[in-house]
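Chains as they are written, first to last, in this note's numbering: chain A, 1 to 283; chain B, 284 to 620.
For glycine and all other residues, C-beta sits at the position ideal for the given N, C-alpha and C.
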Amino acid sequence: MLEQLRKKAKELLKNKEVEVIIGYQKSNNNSFTTPCFIESEDGVDRLTWDEHCVYNLSLYLKEVKGKVGIVAKGCDVKSIVALMQENQIDRDRIKIIALECQAQVDQEGQILEKCRTCQVHIPGMYDELVRSKTSPSKIESKESDKEYSVLEELEAKSTPERWQFWQRQFEKCIRCYACRQVCPLCYCSECISEKTAPQWILPSPSLKGNTTWNIVRAFHLAGRCIDCGECERVCPVNIPLRRLNKKMEKEIQTMFNYVPGLDSKKKPPLVDFRVDDPQEFIR
Amino acid sequence: MKRLLKKEELNRLLLGLMKEYDVIAPIDEEGLILFRPVTKVEQVLWDYPNSLKPVKEFFLPPREVLFQFKRGKVQPANLSLKKRVIWGVRPCDARSLLLLDKVFLDSTQDVYYREKRKSTLLVGLSCNHPEKSCFCTSFASGPHHKEGMDLLIADLEEGIFLLESNSPEGEQLLKGRGKEVNKIDEKIRTKIKEKTERKIERKLKPSQFLERLTNGFDSSYWEKASRQCISCGICRYLCPTCHCFDIADEEGERVRFWDGCSFRNFTKMTSGENPRFGKRERFKQWYYHKFGYFKENHGVFLCVGCGRCLRNCPVKIDFSEVLQQLPAQAQTPAREG
Ligand code: SF4
Ligand code: SF4
Ligand code: SF4
Ligand code: SF4
Numbered sequence: 001m002l003e004q005l006r007k008k009a010k011e012l013l014k015n016k017e018v019e020v021i022i023g024y025q026k027s028n029n030n031s032f033t034t035p036c037f038i039e040s041e042d043g044v045d046r047l048t049w050d051e052h053c054v055y056n057l058s059l060y061l062k063e064v065k066g067k068v069g070i071v072a073k074g075c076d077v078k079s080i081v082a083l084m085q086e087n088q089i090d091r092d093r094i095k096i097i098a099l100e101c102q103a104q105v106d107q108e109g110q111i112l113e114k115c116r117t118c119q120v121h122i123p124g125m126y127d128e129l130v131r132s133k134t135s136p137s138k139i140e141s142k143e144s145d146k147e148y149s150v151l152e153e154l155e156a157k158s159t160p161e162r163w164q165f166w167q168r169q170f171e172k173c174i175r176c177y178a179c180r181q182v183c184p185l186c187y188c189s190e191c192i193s194e195k196t197a198p199q200w201i202l203p204s205p206s207l208k209g210n211t212t213w214n215i216v217r218a219f220h221l222a223g224r225c226i227d228c229g230e231c232e233r234v235c236p237v238n239i240p241l242r243r244l245n246k247k248m249e250k251e252i253q254t255m256f257n258y259v260p261g262l263d264s265k266k267k268p269p270l271v272d273f274r275v276d277d278p279q280e281f282i283r
Numbered sequence: 284m285k286r287l288l289k290k291e292e293l294n295r296l297l298l299g300l301m302k303e304y305d306v307i308a309p310i311d312e313e314g315l316i317l318f319r320p321v322t323k324v325e326q327v328l329w330d331y332p333n334s335l336k337p338v339k340e341f342f343l344p345p346r347e348v349l350f351q352f353k354r355g356k357v358q359p360a361n362l363s364l365k366k367r368v369i370w371g372v373r374p375c376d377a378r379s380l381l382l383l384d385k386v387f388l389d390s391t392q393d394v395y396y397r398e399k400r401k402s403t404l405l406v407g408l409s410c411n412h413p414e415k416s417c418f419c420t421s422f423a424s425g426p427h428h429k430e431g432m433d434l435l436i437a438d439l440e441e442g443i444f445l446l447e448s449n450s451p452e453g454e455q456l457l458k459g460r461g462k463e464v465n466k467i468d469e470k471i472r473t474k475i476k477e478k479t480e481r482k483i484e485r486k487l488k489p490s491q492f493l494e495r496l497t498n499g500f501d502s503s504y505w506e507k508a509s510r511q512c513i514s515c516g517i518c519r520y521l522c523p524t525c526h527c528f529d530i531a532d533e534e535g536e537r538v539r540f541w542d543g544c545s546f547r548n549f550t551k552m553t554s555g556e557n558p559r560f561g562k563r564e565r566f567k568q569w570y571y572h573k574f575g576y577f578k579e580n581h582g583v584f585l586c587v588g589c590g591r592c593l594r595n596c597p598v599k600i601d602f603s604e605v606l607q608q609l610p611a612q613a614q615t616p617a618r619e620g
């Protein structure tokens with residue numbers, strides 16, 4: 001796969017179809033990977049591909065100007081679709097080199113939670129596709145690996161118990177904003193957390209401000225989060241942020257039968273209007 | 284003063300401290316290694332990779348109330364603190380406090396910081412198992428250094444510990460405990476110390492940094508080096524020597540809390556002007572502060588080699604690599620302003 005990936009990347013650069021390729025390279029001590037930006041043909045040998053390519057590189061698409069190539073897994077492609085739906089990127093300047101992906105692992109070698117229920121091992125949109133030689137589904141899915149099984153434990157709790165659970169989690173937040181910074185869909189040029197007049201969210205790390213921050217962020221991503229799980233991966237204090245997002249995803253799916261990041265032509269429910277909306281208040 | 288203590292005697296020392304002081308020690312809190320107030324000896328970790336958050340959180344807390352103003356009355360913060368002991372501090376973190384002292388105690392004294400420093404004893408624990416990301420030996424420290432501590436505990440393994448005081452208070456704690464240290468014990472200690480120092484693979488030459496940084500201020504290198512960075516607060520907040528803060532009023536409280544130069548609004552002024560708006564400038568500032576300006580102003584680098592920034596960067600940026608790769612002869616126009 002790696003050879004093919006490098007070949008395609010080289011072609012794109014050679015034919016001047018792109019000026020830069022965003023991909024993965026081995027990290028300094030070779031034990032993991034890190035994002036990289038490749039601008040010349042001889043640079044493509046730095047590109048790597050294995051189960052340590054956890055980053056969702058679509059995050060960088062808005063920063064990099066001009067024609068750009070991007071190495072993307074199925075879940076990353078979903079965020080590119082979502083960004084297109086929200087008119088944030090111009091598809092014409094982007095070349096997607098999509099990779100068939102079995103699963104990604106964390107630093108301890110554990111398969112990521114999101115990969116257990118992945119529906120997009122083969123990405124849904126691309127310019128070039130690199131297929132895997134080994135047969136898919138190396139990970140045996142367990143009975144418990146249903147799309148929303150990760151929510152079951154919390155949903156079984158009573159409301160006060162759930163509140164208590166999240167208060168305990170939010171208490172830990174240090175307001176490093178890594179969750180926001182790593183999120184491809186958190187692209188506001190001024191985040192509500194940065195506003196000072198009025199100050200919507202108390203800026204210091206306290207239970208109150210942290211709660212507002214985390215809830216506001218979850219709300220802002222309802223129907224938009226494509227479940228790349230990056231926020232949870234980067235949170236230094238291990239707040240299970242994916243659960244918040246997954247819950248919102250589930251609500252949106254039940255209410256509007258909509259899953260974000262799958263169809264670039266579809267309008268996300270929160271920017272759409274229908275006369276037959278099930279909610280009374282909006283009709 | 285040096286004394287040799289068995290594990291039980293050491294536990295007794297800790298237990299004794301718990302009766303007299305508020306003890307803060309490393310514990311495993313739902314999978315995170317953190318320094319927290321402890322009341323039981325069993326909670327305390329002995330062999331642990333350095334904590335996620337540095338001990339600076341007990342001197343420059345993530346959030347600190349400076350004073351309260353409620354119903355027209357100003358209520359100053361209560362600065363008096365029960366005597367505390369931070370137990371199990373690693374040498375890099377103990378040294379970090381000496382660097383913070385330069386900021387908060389040298390010229391203008393910050394009373395909030397000073398009172399906490401004054402009422403805290405530091406009992407350190409030397410490292411026998413440094414991590415891959417550690418490089419304290421590059422910054423005038425080492426896994427068995429006692430600088431900044433009142434008392435250092437060196438694990439001689441097999442349940443024997445060599446305790447060495449480094450202040451009158453530390454000596455007081457040691458008095459009458461354990462037994463005398465003989466030549467053989469010292470030898471074992473030196474051997475362990477040297478063995479550990481050899482385990483530290485990452486070696487930097489910080490003496491080169493200052494010149495490179497001076498030459499490279501406008502180098503296009505920074506554009507490339509900063510590309511991966513997502514501008515979060517992790518490397519700043521988790522660094523034991525980063526000390527920037529913001530101040531705001533929150534519901535009748537004037538609070539000071541951690542802030543960092545990676546954030547867009549860190550340098551945003553009331554007029555809307557922002558001298559460090561771009562990612563490249565914000566990224567660069569961290570390097571220039573630690574290895575340029577601080578060195579120029581205080582004669583030391585603002586880093587103790589704890590490796591937290593490397594370990595915790597969400598996109599695996601290796602700051603030592605960033606500095607090492609900065610071209611020695613960067614072609615730059617003369618620096619303005
Ligand atoms: S969710 Fe799917 S595409 Fe994404 S990393 Fe996991 S297996 Fe790969
Ligand atoms: S990454 Fe975690 S600690 Fe940082 S702001 Fe987000 S929730 Fe808080
Ligand atoms: S710069 Fe990095 S290695 Fe140095 S003290 Fe800060 S966190 Fe530790
Ligand atoms: S932790 Fe890494 S990504 Fe975050 S600001 Fe520091 S260098 Fe940038």
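What residue range does the beta strand (DSSP E) around residue i cover?
{"i": "A:Tyr-24", "result": "20 to 26"}
{"i": "A:Leu-185", "result": "Segment: none, A:Leu-185 is in no beta strand (DSSP E) and carries neither H nor E."}
{"i": "B:Glu-440", "result": "Run containing B:Glu-440: none; DSSP gives neither H nor E here."}
{"i": "A:Trp-200", "result": "That residue, A:Trp-200, is in no beta strand (DSSP E); it is neither H nor E in DSSP."}
{"i": "B:Asp-532", "result": "528 to 533"}
{"i": "B:Trp-370", "result": "367 to 372"}
{"i": "B:Leu-288", "result": "285 to 289"}
Return no unless some Cβ of chain B is closer than 8 Å to the Cβ of residue i.
{"i": "A:Gln-104", "result": "no"}
{"i": "A:Thr-34", "result": "yes"}
{"i": "A:Leu-184", "result": "The residue asked about is misnamed: residue 184 of chain A is Pro in this sequence, not Leu. Judged by the 8 Å Cβ criterion, A:Pro-184 is not in contact with chain B."}
{"i": "A:Cys-176", "result": "yes"}
{"i": "A:Pro-236", "result": "yes"}
{"i": "A:Phe-37", "result": "yes"}
{"i": "A:Tyr-24", "result": "no"}
{"i": "A:Gln-167", "result": "no"}
{"i": "A:Gln-181", "result": "yes"}
Quick check: is the beta carbon of residue i nearer than 8 Å to any beta carbon in chain A?
{"i": "B:Gly-620", "result": "At B:Gly-620 the pLDDT is 37, less than 50, meaning the model places this residue with poor confidence and gives no usable figure here."}
{"i": "B:Glu-533", "result": "yes"}
{"i": "B:Lys-399", "result": "no"}
{"i": "B:Cys-544", "result": "no"}
{"i": "B:Asn-333", "result": "no"}
{"i": "B:Gln-491", "result": "no"}
{"i": "B:Lys-415", "result": "yes"}
{"i": "B:Trp-505", "result": "no"}
{"i": "B:Gly-299", "result": "no"}
{"i": "B:Leu-521", "result": "yes"}
{"i": "B:Leu-404", "result": "no"}
{"i": "B:Ala-617", "result": "Below a pLDDT of 50, predicted positions are generally treated as unreliable, and B:Ala-617, at 47, falls in that range; the measurement from the model is reported next regardless. Answer no: the Cβ-Cβ gap between B:Ala-617 and chain A never drops below 8 Å."}
{"i": "B:Gly-461", "result": "no"}
Could you tell me which of the options sits nearest to residue i, measuring between CA atoms?
{"i": "B:Arg-537", "options": "A:Glu-63, A:Phe-256 and A:Pro-203", "result": "A:Pro-203"}
{"i": "B:Lys-573", "options": "B:Lys-486, B:Leu-315 and B:Cys-586", "result": "B:Cys-586"}
{"i": "A:Gly-43", "options": "A:Ala-197, A:Lys-7, A:Gln-199 and A:Lys-65", "result": "A:Lys-7"}
{"i": "B:Ile-307", "options": "B:Lys-323, B:Gly-314, B:Asn-548 and B:Glu-292", "result": "B:Lys-323"}
{"i": "B:Ile-310", "options": "B:Asn-294, B:Glu-291, B:Ser-490 and B:Ser-334", "result": "B:Ser-334"}
{"i": "A:Lys-67", "options": "A:Lys-16, A:Lys-78 and A:His-220", "result": "A:Lys-16"}
{"i": "A:Thr-211", "options": "A:Ile-174, A:Leu-221, A:Val-234 and A:Glu-153", "result": "A:Ile-174"}
{"i": "A:Arg-180", "options": "A:Gln-169, A:Ile-192 and A:Glu-171", "result": "A:Ile-192"}
{"i": "A:Pro-268", "options": "A:Gly-209, A:Val-81 and A:Cys-228", "result": "A:Val-81"}
{"i": "B:Ser-363", "options": "B:Arg-397, B:Glu-340, B:Phe-492 and B:Leu-343", "result": "B:Arg-397"}
{"i": "A:Glu-113", "options": "A:Lys-10, A:Leu-241, A:Leu-270 and A:Gln-279", "result": "A:Leu-241"}
Hey, could you find the ends of the alpha helix (DSSP H) residue i is sitting in?
{"i": "B:Val-338", "result": "Per DSSP, B:Val-338 belongs to no alpha helix (DSSP H) and is neither H nor E."}
{"i": "A:Gln-169", "result": "159 to 172"}
{"i": "B:Trp-569", "result": "562 to 571"}
{"i": "B:Glu-469", "result": "466 to 482"}
Run through chain D and tell me which residues come within less than 9 Å of residue i, C-beta to C-beta.
{"i": "A:Ser-27", "result": "Here chain D cannot be found, since the structure's protein chains are A and B."}
_Going residue by residue through the region 15 to 83 of chain A, where are the continuous beta strand (DSSP E) segments of at least 3 residues, counting only ones entirely within it?_
Counting whole runs of 3 or more residues, the region 15 to 83 of chain A contains the beta strand (DSSP E) stretches 20 to 26, 33 to 38 and 68 to 72.
*Report the residues of the region 185 to 209 of chain A with a CB closer than 7 Å to any CB of chain B, ordered along the chain.*
Within the region 185 to 209 of chain A, the qualifying residues are Glu-194, Leu-202, Pro-203, Ser-204, Pro-205 and Ser-206.
*Members of the region 324 to 358 of chain B near chain A, C-beta cut-off 7 Å*: Hits within the stretch, in order: Leu-335, Pro-345 and Arg-346.
*Tell me the start and end of each unbroken alpha helix (DSSP H) in the region 487 to 511 of chain B that is at least 4 residues and wholly inside, in chain order.*
Uninterrupted alpha helix (DSSP H) stretches at least 4 residues long and entirely within the region 487 to 511 of chain B occur at 492 to 498 and 504 to 508, given in chain order.
*Pull out every residue of the region 45 to 68 of chain A whose Cβ sits closer than 9 Å to any Cβ of chain B, in chain order.*
So the close ones are Tyr-55, Leu-59, Tyr-60, Glu-63 and Val-64.
*Contained alpha helix (DSSP H) runs [length at least 4] in the region 210 to 277 of chain A, N- to C-terminal order*: You should have 230 to 234 and 241 to 256.
*What are the complete alpha helix (DSSP H) segments, minimum 4 residues, inside the region 376 to 444 of chain B?*
DSSP runs (the alpha helix (DSSP H)) wholly in the region 376 to 444 of chain B: 394 to 401.
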